[in-house]
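Trainee:
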Amino acid sequence: MNLQADPSKNGISETASVSDTESIVVRFAGDSGDGVQLLGGQFSQATALDHNSLATFPDFPAEIRAPTGTTYGVSAFQIKFGSREVKTSGDTPDVLVALNPAALKVNYKDVRTGGLIVLDTGSFTARNLKKAGFDVDPREDDTLGEYKTLEIDISTLTLEATKPFEVTQKEALRAKNMWTLGLVYWMYDRTTEATEKFIALKFGVNSPVANANIAALRAGHVYGETAEVSGDVQRTHVAEVEFAPGEYRLVTGAEALSWGLAAGCQLAGLDMTFCSYPITPSSPILHILSRLKNFGITTFQAEDEIAAACSAIGASYAGNMGITASSGPGIALKTEAIGLAISTELPLIIVDTQRAGPSTGLPTKTEQSDLFLTVWGRNGDAPMPVVSARSPSDCFDTAIEAVRLATKYMTPVFLLSDGYIANAAEPWLIPSLSDYEAFPVTHRTEPEGFLPFSRDEKTLARPWVKPGTPGLMHRIGGIEKADGTGNISYDPNNHQKMTNLRTAKIDGIAKDIPLQSVELGNETGGDLAVVGWGSTYGPINRAVANVLEAGLSVSHIHLRHVWPLPSNLIELLSKFDKVLVAEMNNGQLLTFLRSQTRQDIEGHLKVTGQPLTIREVEDAIKARVRN
Amino acid sequence: MNVQVEPAKLKAKDFASDQEVRWCPGCGDYAILKAVQVALAEMGAEPDNTVFVSGIGCAARFPYYMATYGFHTIHGRAPAVATGVKLANPDLDVWVVSGDGDALSIGGNHLLHVLRRNVDVQFLLFNNEIYGLTKGQYSPTSKVGQKSPSTPQGSIDAPVDACTFALGCNARFVARGIDIQAKNLGHIFKRARDHKGASFVEIIQNCIVFNDNAFAHFTEKSAAEDTQIHVVHGERLIFGAEGNKGLRIKPGAFELEVVTIGEGGVTEQDILFHDETNRVLAGLLVSMKPPEMPVALGVIYCDPAPSYEAAVREQVEAAKSKGLGDLDVLLRSGNTWTVT
Ligand SMILES: Cc1ncc(C[n+]2csc(CCOP(=O)(O)OP(=O)(O)O)c2C)c(N)n1
Ligand code: SF4
Numbered sequence: 001m002n003l004q005a006d007p008s009k010n011g012i013s014e015t016a017s018v019s020d021t022e023s024i025v026v027r028f029a030g031d032s033g034d035g036v037q038l039l040g041g042q043f044s045q046a047t048a049l050d051h052n053s054l055a056t057f058p059d060f061p062a063e064i065r066a067p068t069g070t071t072y073g074v075s076a077f078q079i080k081f082g083s084r085e086v087k088t089s090g091d092t093p094d095v096l097v098a099l100n101p102a103a104l105k106v107n108y109k110d111v112r113t114g115g116l117i118v119l120d121t122g123s124f125t126a127r128n129l130k131k132a133g134f135d136v137d138p139r140e141d142d143t144l145g146e147y148k149t150l151e152i153d154i155s156t157l158t159l160e161a162t163k164p165f166e167v168t169q170k171e172a173l174r175a176k177n178m179w180t181l182g183l184v185y186w187m188y189d190r191t192t193e194a195t196e197k198f199i200a201l202k203f204g205v206n207s208p209v210a211n212a213n214i215a216a217l218r219a220g221h222v223y224g225e226t227a228e229v230s231g232d233v234q235r236t237h238v239a240e241v242e243f244a245p246g247e248y249r250l251v252t253g254a255e256a257l258s259w260g261l262a263a264g265c266q267l268a269g270l271d272m273t274f275c276s277y278p279i280t281p282s283s284p285i286l287h288i289l290s291r292l293k294n295f296g297i298t299t300f301q302a303e304d305e306i307a308a309a310c311s312a313i314g315a316s317y318a319g320n321m322g323i324t325a326s327s328g329p330g331i332a333l334k335t336e337a338i339g340l341a342i343s344t345e346l347p348l349i350i351v352d353t354q355r356a357g358p359s360t361g362l363p364t365k366t367e368q369s370d371l372f373l374t375v376w377g378r379n380g381d382a383p384m385p386v387v388s389a390r391s392p393s394d395c396f397d398t399a400i401e402a403v404r405l406a407t408k409y410m411t412p413v414f415l416l417s418d419g420y421i422a423n424a425a426e427p428w429l430i431p432s433l434s435d436y437e438a439f440p441v442t443h444r445t446e447p448e449g450f451l452p453f454s455r456d457e458k459t460l461a462r463p464w465v466k467p468g469t470p471g472l473m474h475r476i477g478g479i480e481k482a483d484g485t486g487n488i489s490y491d492p493n494n495h496q497k498m499t500n501l502r503t504a505k506i507d508g509i510a511k512d513i514p515l516q517s518v519e520l521g522n523e524t525g526g527d528l529a530v531v532g533w534g535s536t537y538g539p540i541n542r543a544v545a546n547v548l549e550a551g552l553s554v555s556h557i558h559l560r561h562v563w564p565l566p567s568n569l570i571e572l573l574s575k576f577d578k579v580l581v582a583e584m585n586n587g588q589l590l591t592f593l594r595s596q597t598r599q600d601i602e603g604h605l606k607v608t609g610q611p612l613t614i615r616e617v618e619d620a621i622k623a624r625v626r627n
Numbered sequence: 001m002n003v004q005v006e007p008a009k010l011k012a013k014d015f016a017s018d019q020e021v022r023w024c025p026g027c028g029d030y031a032i033l034k035a036v037q038v039a040l041a042e043m044g045a046e047p048d049n050t051v052f053v054s055g056i057g058c059a060a061r062f063p064y065y066m067a068t069y070g071f072h073t074i075h076g077r078a079p080a081v082a083t084g085v086k087l088a089n090p091d092l093d094v095w096v097v098s099g100d101g102d103a104l105s106i107g108g109n110h111l112l113h114v115l116r117r118n119v120d121v122q123f124l125l126f127n128n129e130i131y132g133l134t135k136g137q138y139s140p141t142s143k144v145g146q147k148s149p150s151t152p153q154g155s156i157d158a159p160v161d162a163c164t165f166a167l168g169c170n171a172r173f174v175a176r177g178i179d180i181q182a183k184n185l186g187h188i189f190k191r192a193r194d195h196k197g198a199s200f201v202e203i204i205q206n207c208i209v210f211n212d213n214a215f216a217h218f219t220e221k222s223a224a225e226d227t228q229i230h231v232v233h234g235e236r237l238i239f240g241a242e243g244n245k246g247l248r249i250k251p252g253a254f255e256l257e258v259v260t261i262g263e264g265g266v267t268e269q270d271i272l273f274h275d276e277t278n279r280v281l282a283g284l285l286v287s288m289k290p291p292e293m294p295v296a297l298g299v300i301y302c303d304p305a306p307s308y309e310a311a312v313r314e315q316v317e318a319a320k321s322k323g324l325g326d327l328d329v330l331l332r333s334g335n336t337w338t339v340t
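In order, the protein sequences belong to chains A and B. Just so we're aligned: the first sequence equals residues 1 to 627 in my numbering. Just so we're aligned: the second sequence equals residues 1 to 340 in my numbering.
In structure tokens:
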């Protein structure tokens with residue numbers, strides 16, 4: 001059986017049953033030096049401030065500064081925004097803004113038929129065309145025949161707009177992204193105000209660079225008003241979404257996860273010691289937390305991932321909440337230390353911002369292929385809980401849950417995110433800490449009757465004692481411990497007993513997590529359940545919504561708790577005739593669920609380094625369910 | 001409960017745990033264990049404020065035998081765990097115990113960083129020039145030619161000198177002692193504990209089973225006086241059974257040489273003073289090897305610098321003093337909008 005989904009492009013069809021007026025997908029693409037990510041970030045902010053729903057997908061090149069004009073140096077930022085709740089960054093762009101030929105080359109095939117491509121003709125030099133691998137100028141043959149194009153010499157217009165200011169030619173050209181942003185603001189009926197403020201703040205109020213950028217931004221906007229673009233471009237206003245009342249912001253997964261960890265520690269009443277080693281796409285968490293020292297957070301950039309995990313364990317041993325974060329290769333290095341935390345039953349959180357591929361793989365691309373590693377990837381019988389976040393904002397709650405489980409059960413916990421969630425942004429109804437129930441931790445101080453490996457009757461957790469506590473001196477380590485005393489023990493029966501206890505402790509968590517609910521569709525069963533975990537939430541959810549509208553009997557089930565599984569999950573799945581696991585790996589949750597049930601489960605699997613599309617999930621559903 | 005702690009009254013045996021010590025009879029580790037317990041008692045250390053962290057190896061069993069807090073971690077990683085302990089609680093008195101394989105092979109990277117960061121721990125490296133626990137393979141400190149189960153024809157890779165490595169890592173405290181010299185060890189331990197920052201102590205340790213007598217050529221009583229120099233800050237570098245040998249800079253060269261006072265016109269005035277704050281001198285001293293030169297013992301280098309965890313704490317406190325973080329405020333910082 002070939003489980004692999006067909007990864008071929010489907011650029012020519014429209015996202016099923018999404019009407020264009022409700023939502024728009026725009027992709028900005030340019031050289032890594034063109035400031036595309038900044039452009040995208042600003043556009044997202046303005047979109048959010050205009051009360052549209054949105055989801056973004058920044059797609060970075062792997063190289064830091066690839067030679068200009070090359071296809072591998074192309075950086076892109078996609079945003080889907082709309083007047084109904086947006087759950088993915090969109091399958092196929094309606095609009096592509098290509099700031100150079102390479103950006104066009106890499107991206108134009110993704111644009112929907114009849115979509116609009118905005119080109120900076122100033123960058124279409126013979127040299128750049130050649131670098132991008134175009135033998136013939138694509139504007140002159142029928143390469144772009146399926147699309148509408150809007151050709152503007154953005155480079156020259158930017159230079160003109162910035163002429164009055166004392167900036168170098170290079171600085172002037174850099175404002176190209178702002179000119180483009182101005183034009184796009186005009187296209188979607190947005191004002192330039194917030195971005196002007198941002199520019200002033202970034203470059204210094206009234207500085208020549210700030211003034212040049214603001215002038216470029218305004219010039220782009222005015223160009224839309226005055227030039228004859230209107231024939232090709234429909235100026236569109238996307239109506240406000242009816243958001244629930246409250247205060248909102250945009251949040252990326254890395255932000256929400258970092259803040260969620262901080263919130264979790266506050267709810268536990270613990271100081272955080274965060275130990276990490278830089279790796280893409282995990283590093284932003286280290287950057288964010290290192291600015292939060294006023295929360296009593298200590299950050300430590302260790303010499304490697306092993307040291308990061310070990311120092312976090314040391315911090316937990318000393319009574320703080322030790323946390324470490326990494327991605328694929330770094331998580332692999334932490335494995336032995338995680339085993340130590342399991343054996344010594346110390347709380348620890350390991351954040352895994354998953355990235356694509358074995359070994360170095362595709363560092364800047366997204367995947368969900370560490371499920372086996374996190375659930376099973378250790379020597380010995382070494383169970384530990386694994387939780388996974390489904391969206392940028394969901395990282396907040398999932399991080400709090402990780403801290404709760406780690407401290408309540410004295411166990412390391414894996415907290416799964418991925419490259420897509422980490423970098424993507426979405427609007428977030430900002431919670432208050434008081435919305436959450438506190439779970440204060442008490443370190444043991446009572447010497448009477450103390451045994452380091454005695455257990456709480458309910459949770460089976462052992463006591464947590466801070467070194468420095470009078471009268472409670474004891475020794476722990478990775479060698480098997482005698483039940484109760486924790487002294488070294490080679491007794492065969494004791495090892496069996498301790499293995500059973502460690503397993504029972506983690507299994508018992510299933511009683512302390514919510515029952516698995518059905519996101520969409522029918523709780524009581526049906527023709528098909530689509531099961532997902534992590535960042536596939538958006539595409540699965542929208543795809544299921546679409547097929548439900550079309551009258552199919554399909555439900556969406558999404559796991560936060562990957563291990564232990566919610567106690568009702570297997571029974572819930574059995575109510576469906578078919579189960580389809582959709583995930584961005586080669587069948588890990590699929591194999592995992594098959595190991596837990598005799599039910600026949602199929603997979604829709606993709607490892608292209610790109611998020612699932614709504615369309616492909618719909619197709620996978622329709623291939624299995626008839627109306 | 002309020003336990004009245006009177007540390008001065010604790011005896012060495014109060015630092016011994018109830019666990020049976022399980023090293024091979026005659027192993028040098030016994031003497032070191034005893035020396036540590038005696039030193040802690042004499043220093044008035046508090047068992048409940050003392051933590052022993054170790055990796056894996058014979059030496060690394062050490063924490064189990066101490067009536068203090070103890071953490072037997074994983075092979076080579078004790079410095080990293082200890083760093084985490086100090087980051088979370090700088091007030092704890094943290095000791096790391098390690099073997100030459102643990103510290104210089106699998107854990108070499110962590111040793112490097114704990115030393116250059118200057119984390120305030122006492123790092124005790126029990127050097128027996130062999131892998132004890134895994135039954136006798138050669139180690140990174142084994143001499144070339146070491147026969148072992150994994151090097152039946154003799155080892156061919158060049159060894160590393162532990163103290164030279166430590167100095168290269170920018171350690172601010174480097175000392176060397178011998179397992180059987182309890183008094184000297186006690187003195188070194190006290191100095192190490194008083195020193196704020198990472199204190200590196202190499203302890204020459206005899207593995208009676210797999211590398212017996214590896215150091216006999218300078219530890220044996222008969223040879224000791226002429227092959228050991230016990231350095232003392234501010235005193236001349238004089239040694240020898242007759243007390244008439246000394247170290248001086250070899251004329252016309254940048255190296256040390258052994259001279260005899262009273263011979264060839266050499267007088268006491270020619271002999272160098274030990275200056276423990278002098279890195280260059282320390283580098284020359286630690287690399288001396290018998291038979292040409294004596295083995296340097298004692299506190300060879302000590303030049304304190306601010307410790308890492310104190311500086312980390314300072315940054316946290318400085319940030320806090322500008323106003324404790326409020327998460328609800330943080331989440332609402334930057335661009336937000338309100339839907340009514
Ligand atoms: C990851 C890992 N690799 C290998 C081992 C096996 N091992 C345990 S101790 C040791 C070497 C011990 O030598 P040393 O550090 O010199 O200490 P000694 O036993 O001589 O005191 C080795 C290789 C291990 N425990 N863990
Ligand atoms: S093997 Fe060597 S180092 Fe290990 S306990 Fe025995 S004598 Fe000591």
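Just so it is clear, CB atoms sit at the ideal spot from N, CA and C, and this is done for glycine as well.
In whole angstroms, give me the CA-to-CA distance for Lys190 (chain B) and Val465 (chain A).
Mentor: Rounded to whole angstroms, Lys190 (chain B) to Val465 (chain A) spans 28 Å at the Cα level.
Trainee: Measuring straight from C-alpha to C-alpha, what distance separates Asn177 (chain A) and Glu63 (chain A)?
Mentor: Answer to the nearest angstrom: the Cα atoms are 20 Å apart.
Trainee: For chain B, is any of its Cβ atoms less than 8 Å away from the one on Arg462 (chain A)?
Mentor: With 8 Å as the cut-off, Arg462 (chain A) does not count as an interface residue toward chain B.
Trainee: Pick helix, strand or coil for Phe274 (chain A), following the three-state DSSP scheme.
Mentor: Of the three classes helix, strand and coil, the one that applies to Phe274 (chain A) here is strand, per DSSP.
Trainee: Using alpha carbons as the reference points, say which of A:Arg235, A:Glu140, A:Thr149, A:Thr143 lies closest to Trp186 (chain A).
Mentor: Ranking A:Arg235, A:Glu140, A:Thr149, A:Thr143 by Cα distance to Trp186 (chain A) puts A:Arg235 first.
Trainee: List the residues that DSSP assigns as beta-bridge partners of Phe576 (chain A).
Mentor: The partner list for Phe576 (chain A) (beta bridge, DSSP) reads A:Gly526.
Trainee: Return helix, strand or coil for Glu618 (chain A), following the three-state DSSP convention.
Mentor: In this structure, Glu618 (chain A) counts as helix in the three-state DSSP scheme.
Trainee: When a residue counts only if its C-beta is closer than 5 Å to some heavy atom of ligand 2, which residues count, in chain order?
Mentor: Having a Cβ closer than 5 Å to some heavy atom of ligand 2 are B:Trp23, B:Cys24, B:Cys27, B:Cys58, B:Gly132, B:Cys207, B:Ile208, B:Val209.
Trainee: Can we count His443 (chain A) as close to ligand 1, meaning its CB is less than 7 Å from some heavy atom?
Mentor: False, no ligand heavy atom lies under 7 Å from that Cβ.
Trainee: Do you know whose CA, among B:Gly240, B:Pro152, B:Gly84, B:Gly70, lies nearest Pro290 (chain B)'s CA?
Mentor: Of B:Gly240, B:Pro152, B:Gly84, B:Gly70, the residue nearest in Cα terms is B:Gly240.
Trainee: What separation, rounded to the nearest whole angstrom, lies between the Cα atoms of Leu173 (chain A) and Gly40 (chain A)?
Mentor: When rounded, the distance between both Cα atoms is 18 Å.
Trainee: Mind checking if Pro440 (chain A) is an interface residue toward chain B, Cβ cutoff 8 Å exclusive?
Mentor: Not one chain B Cβ lies under 8 Å of Pro440 (chain A).
Trainee: Using a Cβ-Cβ cutoff of less than 7 Å, which residues in the same chain neighbour Ala545 (chain A) once the five nearest sequence positions on both sides are dropped?
Mentor: So the list reads Leu520, once near-sequence residues are dropped.
Trainee: Taking beta-carbon pairs under 7 Å, can you tell me which members of the segment 24-35 of chain B lie near chain A?
Mentor: Result list empty, no residue passes.
Trainee: In the structure shown, what three-state DSSP assignment does Leu250 (chain A) receive?
Mentor: In the structure shown, Leu250 (chain A) sits in a strand (DSSP, three-state: E or B).
Trainee: Who are the Cβ neighbours of Pro138 (chain A) in its own chain at under 6 Å, not counting the five residues just before and after it?
Mentor: Leu144.
Trainee: Return the residues of the segment 241-259 of chain A that lie within a Cβ-Cβ distance of less than 8 Å from chain B, sorted by chain order.
Mentor: Cβ contacts with chain B: Phe243, Ala244, Pro245, Gly246, Glu247, Tyr248, Arg249, Leu250, Trp259.
Trainee: Please check the pair Val387 (chain A) and Leu348 (chain A), which I expect to be a contact at CB under 8 Å, by giving their CB distance rounded to whole angstroms.
Mentor: Actually they are not in contact, since the Cβ atoms of Val387 (chain A) and Leu348 (chain A) sit about 14 Å apart, beyond 8 Å.
Trainee: Over the uninterrupted beta strand (DSSP E) stretch that includes Ala76 (chain A), give me the two end residues.
Mentor: Ala76 (chain A) -> beta strand (DSSP E) spans 74-82.
Trainee: Check distances from the C-beta atoms of the segment 474-506 of chain A to those of chain B and list, in chain order, the residues that come in under 9 Å.
Mentor: From the segment 474-506 of chain A, only His474, Arg475, Ile476, Gly477, Gly478, Ile479, Asn487, Ile488 have a Cβ closer than 9 Å to chain B.
Trainee: Could you tell me whether the Cβ atoms of Phe200 (chain B) and Val174 (chain B) are closer together than 8 Å?
Mentor: Yes. Within cutoff.
Trainee: Check each candidate in A:Lys575, A:Asp491, A:Lys105 and name the one with the smallest Cα separation from Asp527 (chain A).
Mentor: Nearest C-alpha to Asp527 (chain A): A:Lys575.
Trainee: So with CB distances below 8 Å, who are the chain A contacts of Asp48 (chain B)?
Mentor: Pro467, Gly468, Thr469, Pro470, Gly471, Leu472, Met473, listed in chain order.
Trainee: At least one CB of chain D closer than 8 Å to the CB of Tyr64 (chain B): is that the case?
Mentor: In the structure shown, chain D does not exist; the protein chains are A and B.
Trainee: Check the Cβ-Cβ distances between Ser319 (chain A) and every residue of chain B, and say whether any is below 8 Å.
Mentor: This sequence places Gly at residue 319 (chain A); Ser is not what is there. By this cut-off, Gly319 (chain A) is an interface position.
Trainee: For Arg332 (chain B), which residues in chain A fall below 8 Å Cβ to Cβ?
Mentor: What Arg332 (chain B) touches in chain A: Glu247, Arg249, Ile430.
Trainee: Measure the Cβ-Cβ separation of Thr252 (chain A) and Thr364 (chain A) and say whether it is below 8 Å.
Mentor: Not in contact: Thr252 (chain A) and Thr364 (chain A) (Cβ atoms no closer than 8 Å).
Trainee: Let me know if Ile156 (chain B) comes out buried or exposed under the rule of 16 or more other beta-carbons within 10 Å of its beta-carbon.
Mentor: Exposed: under 16 other Cβ atoms inside 10 Å.
Trainee: Within the same chain, show all residues whose beta-carbon is closer than 8 Å to that of Tyr436 (chain A), passing over the 5 residues directly before and after it, in chain order.
Mentor: Cβ within range, chain order: Ala263, Leu267, Ile400.
Trainee: Which residues bound the alpha helix (DSSP H) around Leu185 (chain B)?
Mentor: Where Leu185 (chain B) is concerned, the enclosing alpha helix (DSSP H) stretches over 182-194.
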